[in-house]
Amino acid sequence: MPDGVDDVLEVIGQQIENRFGMSLPELRQAVEAAPQANPEATDVVKWHGLLVESQTVLERAEDNLLAALETQPSEVDDPMVGLVHRVNVAVAARDGRVMVVRWLLDPAAPGKQGLAAERLARLSRGARKGPAVQTSAPPRSATAPATGRGALR
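So the sequence shown is residues 1 to 153, counted in this note's numbering.
Dropping the structure here:
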């Protein structure tokens, strides 16, 4: 994969377009119109959007670092180290999202075939919409006697 920032988005965009046989704007439009029609395309569009967001964050962090470097004397202080850290975190986030998109695009990727894929499919089919267990205490009846720890007698 090329090192240039624009190149990363271009390469991934081209891979998406090749995989689905349409441009990214057309694919986004199709997913918005019918998100359930192709869950794979929906996931790719979602993660590509997250990738674009992380690229924007990375560019902003790099711009802030460059501006600080231009005004900073030769010594590095804590705020400068913080800016460098932000750039590193933004690069890691962007690269992680690139990996997810590439995994989504690869039908032969690890975990997409065999037992792991079957388990994932089973979990996806039975996806819950709410919590697995009750999250609030059951209502107490007004006539139930208060017993146990902390009960008034």
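Backbone N, C-alpha and C fix where the C-beta goes; we use that ideal spot for every residue, glycine too.
Can you find the residues in the same chain that come closer than 7 angstroms, C-beta to C-beta, to residue i, ignoring five residues on each side of it along the sequence?
| i | result |
| --- | --- |
| Val45 | Leu27, Arg28, Val31 |
| Val84 | Leu65 |
| Gln72 | Met80 |
Under the assumption that residue i contacts residue j (Cβ atoms under 8 angstroms), give the Cβ distance between them as a whole number of angstroms.
| i | j | result |
| --- | --- | --- |
| Val210 | Leu58 | Outside the displayed span of the chain (1 to 153) sits residue 210, for which this structure offers no information. |
| Arg86 | Ala61 | 4 angstroms |
| Val98 | Val8 | 6 angstroms |
Any idea if residue i is buried or exposed, counting beta-carbon neighbours within 10 angstroms, 16 or more meaning buried?
| i | result |
| --- | --- |
| Gln55 | buried |
| Val101 | buried |
| Leu105 | buried |
| Arg154 | Residue 154 lies beyond the stretch modelled for the chain, which goes from 1 to 153, so this question has no answer here. |
To which residues of the same chain is residue i closer than 8 angstroms at the C-beta, ignoring the five residues directly before and after it?
| i | result |
| --- | --- |
| Pro79 | Ala68 |
| Ala41 | Phe20, Leu27, Ala30, Val31 |
Whole runs of the alpha helix (DSSP H) within the region 6-89, excluding any shorter than 4 residues: 24-33, 39-71
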